[in-house]
Structures are given as structure tokens and as C-alpha cells.
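Worksheet: one structure, shown below.
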Amino acid sequence: MDTFVFLQHYWWFIISLLGALLVFLLFVQGGQGLLYTIGRTPSERDRIVDLLGRKWELTFTTLVTFGGAFFASFPLFYSTSFGGAFYVWMLILFVFVIQAVAYEYRRKPNNLFGEKTYEWFLMINGWAGALLLGVAVGTLFTGAHFTVDRNNIVQIGGDTVISRWTNPWYGLEALLDYRNVALGLAVLFLSRILALEYFLCGINDTTIRERSRRRIGCAAVPFLLFFLLFFVSLCLSKGWAVDPTSGTVTVEQYKYLHNMLQMPYVSIPLLVGVVAILWSIWIGWRNGSRRAIWWGGSGTVVAVLCLLLLAGWNNTCYYPSLSDIASSLTIYNSSSSEFTLRVMSYVSLLIPFVVAYIWYAWRAMSHPPRTDSHREEADTY
Amino acid sequence: MPMDADFLQMIDWSRAQFAMTAMYHWLFVPLTLGLGFLVAIMETIYYRTGDPFWRRTTRFWMRLFAVNFAIGVATGLILEFEFGTNWSNYSHFVGDIFGAPLAVEGIMAFFLEATFFAVMFFGWDRVSRRFHLASTWLVAIGASLSALWILVANAWMQYPVGMTFNPETARNEMTSFWEVLLSPVAINKFFHTVSSAYLLSAVFVIGVSAWFLLKGREERMARASIRIATIWGLVFALFTALTGDKSGAVIAEVQPMKLAAMEAHYEGGAKAPLVAFGVVKPEHLRQTPDDLFHFKVAIPGMLSAMSYRDVDAYVAGIDDLLYGNPQQGILSAAEKIERGKTAIETLAAFRAARKAGETMRADSLKALFNPDTEAGKSFLENYFAYFGYGYLSSPEQTVPNVPLLFYSFRIMVGWGMFLVLLMLIVWWQNRKGTLPRHRWLLWLMMLAVPITYVASQAGWVLAEVGRQPWVIQNLLPTSAAVSGIPSGSVVVTFFLFLLLFTGLLVAEVMILCKQIKIGPDKV
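These protein sequence lines map, in sequence, to chains C and E. Under the numbering used here, the residues of the first sequence are numbered 2 to 382, in order. Under the numbering used here, the residues of the second sequence are numbered -3 to 519, in order.
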């Protein structure tokens, strides 16, 4: 494998890792969606918002970094998807903006819209944020309606746009593909499971803990149904393969199944990740275990990472074009130059350091679990 | 295919949407940048003295910081993604270079801010005093680090360096990260922008403290805050002036049209005067080419001195840059358009040859884009350097909005100079202990807050409108950078976000006012 090809694979790995961390951190969104289900009194809701409020920025930052890293490493995807699936991305941005202010403004006096409005902002973000991100990620497997023609840039006085969307719904059509919706719903219910496990770990109140424990079962059933629907359909569906030498794209039946068989170093951890999620559900639901979030979180990161690797590695088109097969995006034809990927790779060496200080700060802030006496002293949301 | 009406509207609406988002973003960011450091300084005093007064003061300003912080983060998210949603061609054309600073910003700065913000705000009674203090400093440093990377990216748009054009991928590709990071425009832009933000935060602290003094409340906290803010503000007011002066020299070098437009300097010449104050006449009222102002106060030779450090230096005017000036070696815009067209046609010929499998012809054309060959050097310098001009249909398109730039520049500089004086007076009166007696001064300190925000916005208007018609100076005009979506889509989301941001801005101002009214003793 030459250096450039290695770097393209490396950067797809980094993107997948950031995507996986983002899905894990969507437990914040999951918790917001459960605000009224688990928090039945104002003080219970305050407690939940206070707990999630200390983590929302990490989810937000991971989303921003995921976007920035995608831009830097695969700019053609950035220009094609964001510039085409306009409505989906704008909707995602909208629901994240209303989240960002909701934590800070919700209980502040004179906040113009009232506490309930900000709680609705959190709920909308909790449902729509996770669902839409899942649907958007689904298109990495199912494809989208676009064409890419670099020759357009030389059309003086004409239409110079390189990446064009060929569907008048500009991204909303992704909601018509059941596989995208299934993945979106799987991500949504997974985020709720993780949130419930996080409540078990971070809140001492027995009522909230018991409610969370029972609710895990309610979220687990739809999660398993939608995840299985997506996963089985993925295994049985066609995929888009690329010849790395000629760049020719062809349709291959059972491409993702082939990827799993040909890349055991991806499919085995994928299986392990899924088992870890299932185990977390079991110990969370049965015993209300505080450790469930650690199993669920690490399982999610591993499973999503491997799922995304299936989309881009093994000569697979990670963004198939349903309008023009030759326009499909691969890690080879959409990446930055070797020089840029190399520079970015040096920067990526900072990631373990970043993870380490997040871990350190998180631990420092997590002990001991919250009690009312602490709440009186500290600033709260 | 000619540009249709919807496409032209799309360009305007995309510009409007980006400008709206950027202006809202810049309403919140400067306060975050500067107030973070002021809070860190106050907490350091608390750490060293153990005096509960400083803990109470720190927590008061920290609470205002937190209210402002969240909305700055939210508007920043939109900005990043709008590069893709509204400017997809741009994202492709320069993503290889422009994306890197954004990614580095995320990895190096955003996580730092996000992680330690939680400790800073919620960790008072959970972590040690030392760890808390370190967290507060790290949030402030993280915010400025984040500013560094996004300003490096912006500077690259004003002065594209450290790259080469790859005809195979039809995009610019990075060849030197250090050239991108350390370009004179990047360095100067970073220091000028953050120092102006630090100054703004000082004005904010002074304005809020003035309110307490007017109300006869929290005098000790107000005076202690003013003492820190005036010193901080004075240092950065002077530094802003210094870097602003350097900016003038850099702009003269790399963006001469921007300089000429912001000075309404039409006719070039040596000993060029600087119009300190004036009212520009609209074009239709001008009787002669020299009849540019209703009135003006000009300082002879000052523009030459500021631009080239030489009162006798020749400063190119808008007419020179538009129609050319062979004596000064300035090409006309029409000539640049022709050269740009040649560069684009050469790229088209290369791509056609490559597609047709004419390898020899393709390779010889490709060599023209290679800076390591003689032919390449010459082609890049004489033709590709004007690549973006090839998309323009008339030379007049190269002139940005002169009155808007002229006034923006004067608002920014004029108010900035006044702030030096204000900081000195307030510091002196505060030191003497006579500040509460001068109610007019307290009112002026409060009034300075909104005006400083206007001046700060004017700075960005100057920087961004002054770059027009370019997204990337000389290489890509705005019209060739947009996404291929209908203008209606942008119009809908423009108003959606305008409504949202305006609502959130009103909410923020109301919350801030209430928090100030409540004071340091939280209810």
C-alpha cells in the first residue's frame, strides 16, 4: 500500500472514529428526548438537565470537529453532500442551534421565551437531532442523487458548479428510503438507551433510577428491531465497488456482506461492539447497573466505527451516486492531497492527548454523584 | 450555459446568509475571547489572595461569560457548515487547504474550551482551586486558539499562499502548511482581530461597572473591575492600533483595490493624502472625476506613509487598477480578465485532452501548472495568477462598494482611537477615586458598549466587503463559488435563521441585563 493510499485509509478511520464518538455522545440528545418521560416533576427535570448540561458541549464539539475533519480530508464529500442535501443539513444545524442556547437560558430569569420553550428546544433536538444524523449517515450506504463533474469549473460565464443535486427535494428524499429511516430510528433509540444508562450511573435518586431502569427495555426493543432491519437489508443489498487502479465504479451484489467476510478485523469487532451494547442493555435493565453506560458507550463506539469502516474501506464507494454511477465518491477520488493528509495526520496525533484530558476532567467532575447539598453550592443549569 | 436569473439571486442570497450568520457570530465571539482572560485574571487574584471578594467578583463576570458563550458556539456551528451548504464550489476548489485549519481548530481548540468550560462553570466546589484556575485559563486560551485557526483560514482567502493548482483535480492544493499559517496577512489578522476583541470585552466590563456606580451599588466590585479592564483595554487598544497600522501596509501590498476603495482613492499618485474625515458623493452627483466628496479633511502624504512607510510613495488608485497604468507597471482589469480567460481555457484544454486520451498534449498542458518548470513559472505568474478574473464579465466588477468601505474604515478607526482616550481618562479617574462623581463619564462608558460593537462589526465589513468580488483573492470570484441549489432554498433558510438568531439575541440581551441587575449575589 503506498503512502497516499494508506493516508486515505487512515483518514477514513479518523472520520469513522469521530462519527462513532459522536453517536456515543448523542446520549445527551437521547436524555433530552426523555426529559418529560423520566423527569415528571420540575425538580426531576432540573436534575436531568443539570446532568446532561455538563456534557452537551462535548457532543456539539464532536459534531463540529467531525465536520471540520471531513472538510479537510474529503473535501469533495463536503461540497457534494452539504451543497446538495441542503435541507437535511440545514435542519440538523437548526436543531443543534436551539439546543446550544437552551441549557444556558432555560432557567435564567427574563429569558424571553419561558422555561417550557427551552425545554421544547431540548426535546426537539433530542428527537430530530439523533434521527436526522442517522438518516444522513444512512446515505453513506444507500447513496444519494448527485453528479460530480470537475469540467464545469471551466465554463466561463456559465454554470460552474461541480457537484449538482439531481433531486428537487435537496436531501429530504433520503427520508423515503426505509433503510435510512431504519438507521435514523436505530440511532435515536440507541441514544435513548445510552441516556438511560447514563442516568443510572450519574443520578442517585432512586425514583429516577428505577424509572430509567424500566425504560431501558422500552427503548431496547425498537432499537433492536430497527438496527436489525438496517443491518440485514445492508447485508442483502447491493453496494458500489471501485477499482482503485482505474477508478471504475461497478455495482456489486452483497457488497457489504463481502466487506464483512473480507475484513474480519472489522466484522469481528463490529460483532463484539453489538454484543457489548446488548450486554449493557441487559445489566442496565435487569440490575440497574451503574456500569451499563461503560459497556454501552464502548460498544457503541466500536460498533459504529466498524460500520463506517465497512462503508469506506475495501474499495467501496462511501457515497454512491444514484444519478451517475461514475460520480460516486470513494476515499480515493474525494480525498485531499497527500501533503494535506500527511500534515493532518501529524495533527491527529493530538487526539489521544485530547481524549486523555477529557477523561481526566470528566472524572474530576463526576465524583461524587450529585446530591442536593452539592447543588446548592455549585452553579447549575 | 449563461447564468440565469435564479443563479444570480442565489449568489446574492448566499452572500446575505453568510454575512448575516457571520455578523451574528461576531456579536458574541469578541466578548468570549476577551472576557475569558479578564475572568482568568480575577480568579488568579482570588487564588493568590484567598479573598472571598475576588471569588464573588470572578463568579459574577463568569456568569455573564457563560450566557454569551453558548450562543457564540451555536452561530459558529452554522458558519462552518455554510461553507459546504452555500459555497460548495468553493469547498471543492480550496478544501484541500481551507479545511485543514478548521479541523485543527476542532481538535486543538474546541475540545479544550468545551471540556474546561464545564469545570470552570460547575467545578467550583468539585475540583481543587488550582485545577479550577487552570481550567479558567485553558478556556480563555482555547477560545483564542480557536480564533487563530479560523483567522488563518480567513487570511488565506485574502492572500492565498502555500499552495499550487492541480489541473487533474481542478483544485488548489497545499504545499506548505507553515506558509499558510505564518503568512503576514494571517499573523496580522490574528493579532488585530483578537486584540480588538480583548478591547471590546474591556469596554463591556467598564460599561457594566459604570452602571453599578451610577446606581450606587457594588462600588468595590465595580472599581476593582474597572481597574483591571482599563489597563487591559489600554494595552490592547494600543496594540489594535499598531496591528491596524500594519494591516494597512499589508493590504497595500496584497489587496491594493481594497485599500483604494476604503480610501475612495480613485486617482493614484505619489504623496497620496489620507482623508481623515469626509462625505463621499454618490456617483451620479459627481461633476468631474475629481469631484468625489461633499467635503473632506485630508492629511497630505499620509496614505503613502501608512501604506509604504514613505510619504513620496505612489499609491495606486481605483482608476489605475481598473484601467491600468503602464508607468507604474499596473495591468488593467480588462487585461487581467483576458489572462484569466487564457488560464481557464488552458485548464479546459488540458481536461479535454486528458478525457480524449491525448496523453502527450495533456502532459504538456499540465506542465504549465507546474511551478518547478520555467514554462510553468511563467504561466502561473502571468496567467494563472489572474485565474478568477476569467469569470468576470466586466472590469467594473472588480471594484467593491466604495462608500460602504470608506465609512466602515472610519467608524472602526475613529472609535478605536477614541477608546484609547476613554481608557486613559477612566483609568485616571478611577485611580483618583473620583469616577462615581462624573456621571457624564459613567454614561459615556455605558454608551461606549454598543458603539464598540458597531465599530467591531465595521471592521469585518471592511475586511469581507473589501475582498469582493473575490472569495479567494484573484483566484475565485463569489459568482463561481456557490452551490447549485435554487435561490428559494437559501431565502427560506435565511429568514428562518434570521428569525432564530434575532430572537436569541434579544433573549441574550434580556438575560444579561437581568443578571447584571441581580448582581454578584445570585438569586
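The beta-carbon is built from N, C-alpha and C at its ideal position, and this holds for glycine as well. Just so you know, these numbers come straight off a predicted model, no measurement behind them.
- Excluding residues up to 5 positions away in sequence, L209 lie with their Cβ nearer than 6 Å to the Cβ of E/P432 in the same chain.
- In the displayed model, E/P473 falls within a strand according to three-state DSSP.
- The region 259 to 268 of chain E and the region 293 to 308 of chain E touch, with no fewer than 3 CB-CB distances between them shorter than 8 Å.
- C/M345: member of the alpha helix (DSSP H) spanning 339 to 349, first to last residue.
- Apart from sequence neighbours up to five positions away, the residues of its chain that approach C/F224 with a beta-carbon distance below 7 Å are A187, F190, L191, I194, ordered along the chain.
- Residues of chain C with a Cβ closer than 8 Å to the Cβ of E/E101 are, in chain order, G69.
- In the DSSP assignment, E/A266 forms a beta bridge with E/Y310.
- Residue-level contact by beta carbon holds for E/I67 and chain C, with a gap shorter than 8 Å.
- With distances taken between CA atoms, E/F161 lies nearest to E/D92 out of E/D92, E/Q154, E/F187.
- When the beta-carbon positions are compared, E/F14 and E/E78 come within less than 8 Å of each other.
- Proximity of E/A70 to chain C, defined by a Cβ-Cβ separation below 8 Å, is satisfied.
- Less than 8 Å separates the beta-carbon of E/M170 from that of E/A96.
- Buried is the label assigned to E/N85, since at least 16 other Cβ atoms lie within 10 Å of its Cβ.
- Collapsing the DSSP output to three states places C/V243 in a strand.
- Residue contact with chain C for E/H21: absent (no Cβ-Cβ distance below 8 Å to any residue of chain C).
- One finds S479, G480, I481 in chain E with Cβ atoms closer than 9 Å to the Cβ of C/W166, taken in chain order.
- N112, L113, F114: these are the residues of the region 112 to 144 of chain C whose beta carbon lies less than 8 Å from some beta carbon of chain E, given in chain order.
- Using a CB distance below 8 Å, no part of the region 445 to 460 of chain E faces chain C.
- The C-beta of C/I39 comes no closer than 8 Å to any C-beta of chain E.
- E/F77 reaches chain C at G68, F83, W90, L94, counting residues in chain order whose Cβ is nearer than 7 Å.
- E/H290 carries a strand assignment under DSSP once its states are collapsed to helix, strand and coil.
- In the DSSP assignment, E/W50 is bridged to no other residue.
- With a minimum length of 3 residues, the unbroken runs of beta strand (DSSP E) contained wholly in the region 153 to 194 of chain C fall at 164 to 166.
- Just so you know, the alpha carbons of C/I217 and C/G31 end up roughly 12 Å apart.
- About 5 Å separates the Cβ atoms of E/M408 and E/G455, confirming a contact at the 8 Å cut-off.
- Nearest in C-alpha terms to E/W133, of all of E/N168, E/A36, E/L98, is E/A36.
- When the Cα atoms are used, C/W128 and C/S322 turn out to be separated by approximately 28 Å.
- Residues of chain C with a Cβ closer than 9 Å to the Cβ of E/N85 are, in chain order, S80, G84, N153, I154, T161, V162, I163, S164.
- Fewer than three Cβ pairs drawn from the region 54 to 71 of chain E and the region 38 to 48 of chain C lie within less than 8 Å of each other, which leaves the two stretches out of contact.
- Contacts between E/A12 and chain C, judged by CB atoms closer than 8 Å, are missing: the closest CB pair is about 15 Å apart.
- E/T239 and E/F187 have their C-alpha atoms spaced approximately 7 Å apart.
- Cβ contact annotation for C/R212 (same chain, cutoff 7 Å, sequence separation greater than five): I39, in chain order.
- Taken through DSSP and simplified to helix, strand or coil, E/E504 comes out as helix.
- Of all C-beta pairs linking the region 65 to 73 of chain C to the region 67 to 76 of chain E, three or more are shorter than 8 Å, placing the two stretches in contact.
- Contact of E/M506 with chain C by beta-carbon distance below 8 Å involves N111, N112, L113.
- Looking at E/N82, E/F49, E/A1, E/G68, the one whose alpha-carbon comes closest to that of E/V478 is E/N82.
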